[in-house]
Amino acid sequence: MHFTYNVEGGNFTRAGYASSEIKKILKQLNVDLAIIKRTVVASYEAEVNIVAHAYSGTIFVDITPETILIKFVDEGPGIPDIAMAMKEGFSTATSKVREMGFGAGMGLPNIRKNVDNMNITSEVGKGTVLELTMYLQ
Amino acid sequence: MKVSDVVEKLGLKVLSGAKGLDLEVTGCYVSDLLSDVMGKADAGQIWITLQTHRNVMAIASLKDLAAVILVSDLLPEDDTAKQSEEENIPVLGTHLPTFEIAGKLYALLTK
Ligand SMILES: Nc1ncnc2c1ncn2[C@@H]1O[C@H](COP(=O)(O)OP(=O)(O)O)[C@@H](O)[C@H]1O
Ligand SMILES: [Mg+2]
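Chain order of the listed sequences is A and Y.
Numbering-wise, the first sequence is residues 10 to 146 according to the numbering used here.
Numbering-wise, the second sequence is residues 4 to 114 according to the numbering used here.
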């Protein structure tokens, strides 16, 4: 099963919409609740990162009986130092974004804690690709 | 305990989402950092915060929270209230600051 969602950079009013759709689909498929919960945390954080840090992006969801694969592809500034970005507390979010309660630098660490596998590649000046995998069996 | 019991016992105002007052409360989480709530809150909890924008409801819904309490007489933004109605997750209000309302809710839930 494949689904695709578009994410608009900078538009915080819609942040979380795609993750909410993904949650609905996983519920309909009767996926284990603990797996849904972990997927939702990771998906939300990755979606918000496109909104907060990139210009636009696309989320590709691919569900098989064995795995949930979610790929976040964005056009944006990219991440110059991925190891640094993965660190708890590291954030380049603007003060406006921080005032809203985003930008605590906990997003990527939250993602790592909740998924079975994550792979992130980025090209400065072009964009970032984040692939998340959850195993269903 | 239901959200409606908490409303009654702590004298909270129901600001939106009254259809969710029957939701069962399992606990509480206090934070104004959205990623913190996303990572650590649990289904059925009441979330105490000073954030009033719509993303609060997105998180409340994704995490299956029972209700949101806005402290210090803060009001939900219009689209926050609207989403609270759509999702049937109540937004509650109090004049008390975070420390006091959290203390009262703690006492109530651990009685
Ligand atoms: N999609 C992205 N595009 C560009 N930079 C990103 C992206 N995702 C994360 N980053 C960078 O990694 C940092 C850490 O991300 P994260 O842990 O989610 O914290 P936060 O979003 O709160 O800043 C961000 O501040 C940003 O510099
Ligand atoms: Mg983030």
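Ideal Cβ placement from N, Cα and C applies to all residues, glycine included.
Note that the coordinates shown come from a computational prediction; the quantities given were computed from them, not determined experimentally.
Coil, strand or helix - residue i by DSSP
i                 : result
Val133 of chain A : coil
Gln48 of chain Y  : strand
Ser19 of chain Y  : strand
Ser65 of chain A  : strand
Phe99 of chain A  : coil
Phe111 of chain A : coil
Gly30 of chain Y  : strand
Ile88 of chain A  : coil
Leu36 of chain Y  : coil
Leu108 of chain Y : helix
Val40 of chain A  : coil
Lys114 of chain Y : coil
Lys5 of chain Y   : strand
Asn58 of chain A  : helix
Asp82 of chain Y  : helix
Thr55 of chain Y  : coil
Gly25 of chain A  : coil
Pro118 of chain A : helix
Leu65 of chain Y  : helix
Asn123 of chain A : helix
Gly42 of chain Y  : helix
Leu24 of chain Y  : coil
Own chain partners of residue i with C-beta closer than 8 angstroms, once the 5 adjacent residues on each side are dropped
i                 : result
Thr76 of chain A  : Thr142, Met143, Tyr144 and Leu145
Asn58 of chain Y  : Leu37
Met109 of chain A : Phe21
Lys5 of chain Y   : Leu24, Asp25, Leu26, Glu27 and Val28
Thr55 of chain Y  : Leu73, Leu77, Leu78, Pro79, Glu80 and Thr83
Ile104 of chain Y : Leu13, Ile51, Ile72, Val74 and Thr97
For residue i, the residue or residues it bridges with in DSSP
i                 : result
Leu77 of chain Y  : Per DSSP, none; premise fails for Leu77 of chain Y.
Leu95 of chain Y  : Y:Val17 and Y:Ile72
Asp83 of chain A  : A:Gly66 and A:Thr137
Asn128 of chain A : A:Glu140
Tyr14 of chain A  : A:Ile68
Thr76 of chain A  : A:Tyr144
Residues near residue i by beta carbon distance below 6 angstroms, same chain, minus five either side
i                 : result
Lys66 of chain Y  : Ala44
Lys3 of chain Y   : The structure shown does not extend to residue 3 of chain Y, since chain Y is modelled only from 4 to 114, so the question has no answer here.
Ala150 of chain A : Because chain A is modelled from 10 through 146, residue 150 of chain A falls outside the range shown and cannot be assessed.
Ala51 of chain A  : Ile120, Asn123, Val124 and Leu141
Met60 of chain Y  : Thr83, Gln86 and Ser87
Ser34 of chain Y  : Val40
Contacting residues, own chain, Cβ-Cβ under 7 angstroms from residue i (five flanking each side not counted)
i                : result
Asn91 of chain Y : Gly20, Lys22 and Gly23
Ser28 of chain A : Val49, Ser52, Tyr53 and Glu56
Note down, in chain order, all residues in the region 28 to 41 of chain Y with a beta-carbon under 7 angstroms from any beta-carbon belonging to chain A. Asp35, Leu36, Leu37, Ser38, Asp39 and Met41
Does the region 110 to 126 of chain A come close enough to the region 45 to 58 of chain A that 3 or more CB-CB pairs lie under 8 angstroms? yes
For the region 86 to 105 of chain Y against the region 60 to 74 of chain Y, are there 3 or more C-beta pairs whose distance is under 8 angstroms? yes
Residues of the region 82 to 101 of chain Y with a CB closer than 8 angstroms to any CB of chain A: list them in chain order, please. Asp82
Could you tell me whether the region 70 to 82 of chain Y touches the region 90 to 107 of chain Y, using the rule of 3 or more Cβ pairs below 8 angstroms? yes
Short of 7 angstroms Cβ to Cβ, which residues in the region 42 to 57 of chain A face chain Y? Val49, Val50, Tyr53 and Glu54
Contact set between the region 86 to 102 of chain A and chain Y, restricted to residues whose Cβ is under 7 angstroms from the partner: none
Check whether the region 9 to 27 of chain Y touches the region 84 to 95 of chain A, taking contact to mean three or more Cβ pairs, one atom from each stretch, closer than 8 angstroms. no
Counting Cβ pairs, one atom from each stretch, are 3 or more of them under 8 angstroms apart for the region 91 to 99 of chain A and the region 22 to 34 of chain A? no
Taking 8 angstroms as the cut-off, does the region 11 to 21 of chain A touch the region 65 to 79 of chain A (at least 3 CB pairs, one atom from each stretch)? yes
If you pair each beta-carbon of the region 123 to 130 of chain A with each one of the region 42 to 55 of chain A, do three or more pairs fall below 8 angstroms? yes
Residues from the region 15 to 31 of chain A in contact with chain Y, defined by Cβ distance under 7 angstroms: Phe21, Thr22, Ala24, Gly25, Ser28 and Ser29
Residues in the region 4 to 21 of chain Y with C-beta within 8 angstroms of chain A's C-beta atoms, listed in sequence order? none
Please name the residues in the region 126 to 145 of chain A whose beta-carbon is closer than 9 angstroms to at least one beta-carbon of chain Y, in chain order. none
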